[in-house]
Amino acid sequence: MSFLKLNIKVFVLSLLYVLTFSTLQLYAADVAKGEALFKQHCTACHKVNQKLVGPALKGVTAKYKDDPKFLYGWIKNNQAMIKSGNPKAIAAAAIDPSAMNTFTFLQDPDIENILAYIDDYKDTPPPATAVSGNSSDGGNQDVFANPSIYYSVLGLAALLIVVALFLVFAAAGLSASVRAREQQEELSTSAIWGEFGKFLKNKFILTSIITIALLGGTLKLIQAARAVSIHPGYMPAQPIKFSHKLHAGKHEINCQYCHTGASKSKNAWVPATNVCMNCHKGVEAGPVYGKSEIAKIYMSAGFNPDTKQYFEPNTPVDKVMEAFSKWMADDAKTKNLAGALDAVKEIGFNKPIEWIRIHNLPDHAYFNHAQHIAVGGKDKDGNTIECQTCHGPIQEMEVVYQYSPLSMGWCVNCHRQSKTTYTFTDPENPKKSFTPSPADMGGLDCAKCHY
Ligand code: HEC
Ligand code: HEC
Ligand code: HEC
Ligand code: HEC
Ligand code: HEC
Ligand code: HEC
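Numbering (the numbering used here), first residue to last: 175 to 625.
Below is the structure:
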């Protein structure tokens with residue numbers, strides 16, 4: 175009988191172990207998650223073992239091992255650290271004349287995962303066919319494509335449970351035959367389950383199991399729920415390396431020159447290729463990518479940069495590519511001509527550019543740009559609501575990312591704290607005037623934001 179009890183104990187304890195472990199892993203650094211985050215936010219400027227816009231990041235944890243907190247602060251908000259005069263930050267800023275984005279939405283565990291991915295990174299030979307465009311490195315990384323140690327350990331634990339369960343019944347079988355020989359009463363199945371029950375009645379074990387299961391489950395649920403439609407920081411790679419920092423920042427092009435819908439309609443709209451062509455008929459090469467990215471605009475517009483004429487719409491793609499190949503051949507910034515031409519071809523001749531949408535409310539929620547831009551309400555600090563109030567410092571972003579949570583709480587809080595443009599005067603007392611908040615005007619009514 176004691177052998178049976180022992181095996182039941184092993185079974186329940188291994189169950190407990192699995193639960194604890196799967197809860198703990200919520201906090202442990204996760205290389206696969208780190209990889210997904212790195213690809214989403216950092217690959218625009220960094221490679222692990224090669225310089226890109228920013229430095230190679232291999233060995234960066236070792237570089238700052240005397241002050242690991244520094245990396246967290248730097249990755250979240252390098253600008254603030256530089257401004258505060260932190261000597262390490264000033265030294266890091268001197269690495270490269272261009273600056274790094276801020277990532278204030280990243281939580282410490284996110285950064286831990288990213289750093290774990292960088293530390294874990296091993297060189298693999300590049301795949302035979304270079305993939306270009308947005309097919310492979312778009313937004314949705316599959317974290318399960320790269321199962322970390324966690325899944326192997328979980329598998330091992332599952333095996334342990336099966337073995338333990340097997341032992342329980344083997345032991346039960348043994349003690350049954352012993353009982354039969356000693357002509358005792360036979361051990362029934364219900365008696366075996368009874369043993370389980372006794373063990374489970376142990377308050378400590380039971381409370382532990384329930385607490386851990388609840389805690390783990392709740393955290394998982396919260397994680398999953400938060401990921402459903404709220405993606406601050408979402409920063410997919412776009413089909414053309416369009417830089418807001420260059421256009422809206424350095425060249426100070428007005429947001430609404432391109433996003434013409436913002437003050438008159440629900441949507442701000444992403445500009446069509448002909449808007450790009452207004453300038454790029456003349457601007458043929460850029461400071462970073464030379465001709466290779468601007469060539470994609472021409473491909474989409476059906477424009478022959480070699481002859482400066484539009485192609486006939488029925489020109490065969492081979493002829494089109496020939497013209498691009500001739501025009502790009504002398505571009506010093508295009509290192510890999512064949513790869514660059516493939517990427518141009520992928521855009522599609524005479525096809526609109528397939529920008530990946532970044533901000534996206536669920537279908538049941540209604541947001542209207544004109545209601546916010548044209549009327550010119552004031553935020554909680556009394557400043558007129560600008561694009562940046564909701565979208566952050568777009569003019570500093572090399573690659574656009576979602577700056578605000580776009581959650582219901584975010585909309586509602588702002589409606590409580592900001593001011594509309596209306597002023598009401600009390601007819602009894604003309605000196606008393608009142609500027610309502612959007613909330614006072616019905617900005618908290620469910621029907622205003624939900625269909
Ligand atoms: C817009 C381009 C850009 C993006 C995006 C970017 N970085 Fe950087 N990063 C830089 C540049 C440029 C530097 C060099 C410092 C400078 O010039 O300010 C740098 C420096 C760093 C450093 C310091 C390196 C050292 O040796 O001291 C770390 C760490 C770092 N980046 C991590 C990250 C991580 C993690 C991400 C993604 C969450 C990221 N960066 C995204 C451009 C970028
Ligand atoms: C020269 C044209 C141009 C100018 C000027 C410009 N944008 Fe854009 N914007 C684009 C293009 C193209 C995209 C789509 C590609 C991308 O996301 O980078 C875009 C994307 C965006 C997005 C993300 C859209 C989405 O998919 O959710 C926002 C937000 C945005 N711009 C805001 C701004 C703001 C704010 C300014 C002014 C500070 C501005 N833009 C200036 C062309 C422009
Ligand atoms: C109002 C004028 C204007 C418009 C509109 C415009 N651009 Fe540009 N763009 C420029 C200028 C100017 C440069 C070159 C900047 C330089 O040399 O410093 C440039 C450079 C570029 C580059 C090269 C970047 C590099 O570093 O190599 C790309 C790619 C680009 N633009 C894409 C676009 C796309 C896509 C659109 C349309 C959505 C667009 N631009 C609309 C003015 C414009
Ligand atoms: C009050 C907050 C707020 C302000 C101010 C704001 N936006 Fe938006 N923007 C949003 C939200 C929310 C979405 C997502 C809308 C959706 O999915 O229906 C969005 C989406 C976008 C998009 C992509 C989808 C679309 O509408 O075409 C672009 C581009 C954009 N905004 C540009 C701008 C520009 C440019 C300005 C300034 C002229 C601006 N926004 C001002 C909140 C704001
Ligand atoms: C930066 C602050 C701010 C944020 C964030 C914001 N709003 Fe608003 N919203 C305002 C202001 C201010 C007004 C009133 C404008 C006016 O009429 O003067 C307003 C008005 C509205 C109205 C019209 C209300 C009416 O009474 O007619 C709707 C609908 C609305 N917002 C929806 C949204 C939704 C949906 C979101 C989130 C996705 C959002 N807003 C986020 C500031 C904000
Ligand atoms: C100012 C705009 C606004 C108002 C007012 C508002 N909502 Fe929402 N609500 C939103 C937005 C935006 C979302 C989508 C957030 C997201 O992506 O999860 C949302 C999401 C929801 C959801 C889905 C839950 C979820 O997390 O996806 C429910 C349910 C909901 N709202 C109910 C209500 C009810 C009930 C009211 C009235 C008491 C209300 N809302 C008032 C903007 C608003």
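By construction, the Cβ of each residue, glycine as well, lies at the ideal position given by its N, Cα and C atoms.
Contact annotation: Ile532 and Phe370 have beta-carbon atoms that are not nearer than 8 Å. Between Leu211 and Ile288, the beta carbon gap of about 5 Å places them in contact (Cβ cut-off 8 Å). Runs of the beta strand (DSSP E) lying entirely within the stretch 460-539, each at least 3 residues long, are absent. Secondary structure at Phe279: coil, using DSSP grouped into helix, strand and coil.
In terms of side-chain proximity, the C-beta atom of Val457 is found no nearer than 7 Å to any non-hydrogen atom of ligand 2. Where Asn587 is concerned, the enclosing alpha helix (DSSP H) starts and stops at 582-591. Assigned with DSSP and collapsed to three states, Phe244 falls in helix. DSSP links Phe598 through a beta bridge to Phe608. Burial is judged here by how many other beta carbons sit within 10 angstroms of a residue's own beta carbon; Tyr291 has at least 16 and is buried.
Applying a distance threshold of 6 Å between residue Cβ atoms and the heavy atoms of ligand 4 selects Cys429, Gln430, His433, Ala436, Asn441, Ala442, Trp443, Val444, His533, Asn534, Leu535, Phe541, His543, His546, Ile547, Ile559, Cys561, Thr563, Cys564, His565, Leu580, given in chain order.
A Cβ-Cβ contact shorter than 8 Å links Ile568 with His418. Tyr238 is the residue among Lys605, Tyr238, Ile384 whose C-alpha sits nearest the C-alpha of Asp293. Pairing Leu189 with Ser382 gives a Cβ-Cβ distance that is not under 8 Å. One alpha carbon belongs to Leu245, the other to Ile264, and they sit about 13 Å apart. Rounded to whole angstroms, the gap between the alpha carbons of Asp284 and Tyr295 is 16 Å. The shortest CA-to-CA distance from Val462 to any of Lys415, Val491, Asn557, Thr481 is the one to Lys415. Secondary structure of Lys213 (DSSP, three-state): helix. Note that the stretch 588-598 touches the stretch 615-624; at least 3 beta-carbon pairs, one per stretch, sit closer than 8 Å. The count of Cβ pairs closer than 8 Å, one atom from the stretch 525-541 and one from the stretch 487-505, stays below three, leaving the stretches out of contact. In the structure shown, the three-state DSSP call for Thr381 is helix. Judged by their CB atoms, Lys243 and Ala230 are not nearer to each other than the 8 Å cut-off. Contact between the stretch 449-457 and the stretch 554-564 is absent, with fewer than three C-beta pairs closer than 8 Å. The beta-bridge partner set that DSSP reports for Thr558 consists of Lys552.
Setting aside the 5 residues that flank it on each side, Ser578 is surrounded in the same chain by Pro406, Cys564, His565, Gly566, Trp584, each with a C-beta closer than 8 Å to its C-beta; the list follows chain order.
In the structure shown, His418 falls within a helical segment according to DSSP collapsed to helix, strand and coil.
Per DSSP, Gln430 is one residue of the alpha helix (DSSP H) stretching across 429-432. Around Ser611, the same chain offers His589, Arg590, Gln591, Ser592, Lys593, Thr594, Gly617 as residues with beta carbons nearer than 8 Å, after the five sequence neighbours per side are excluded. For His425, the three-state secondary structure derived from DSSP is coil.
Contact check for Asn275 and Met571: beta-carbon distance about 6 Å, within the 8 Å limit, so the pair qualifies.
Taking every protein chain shown into account, the CB of Ser351 has fewer than 16 other CB atoms within 10 angstroms, so this residue is exposed. DSSP places His624 within a strand segment (E or B) once states are collapsed to three. The beta carbon of Phe416 sits closer than 7 Å to at least one heavy atom of ligand 2. If you draw a straight line from the Cα of Glu467 to the Cα of Ile527, it comes to about 12 Å.
As the crow flies, the alpha-carbon of Cys450 is around 12 Å from that of His433. Taking C-beta atoms under 8 Å as the contact rule, Val518 and Met473 qualify, at a distance of about 5 Å. A direct Cα-Cα distance of roughly 42 Å separates Asn478 from Gln253.
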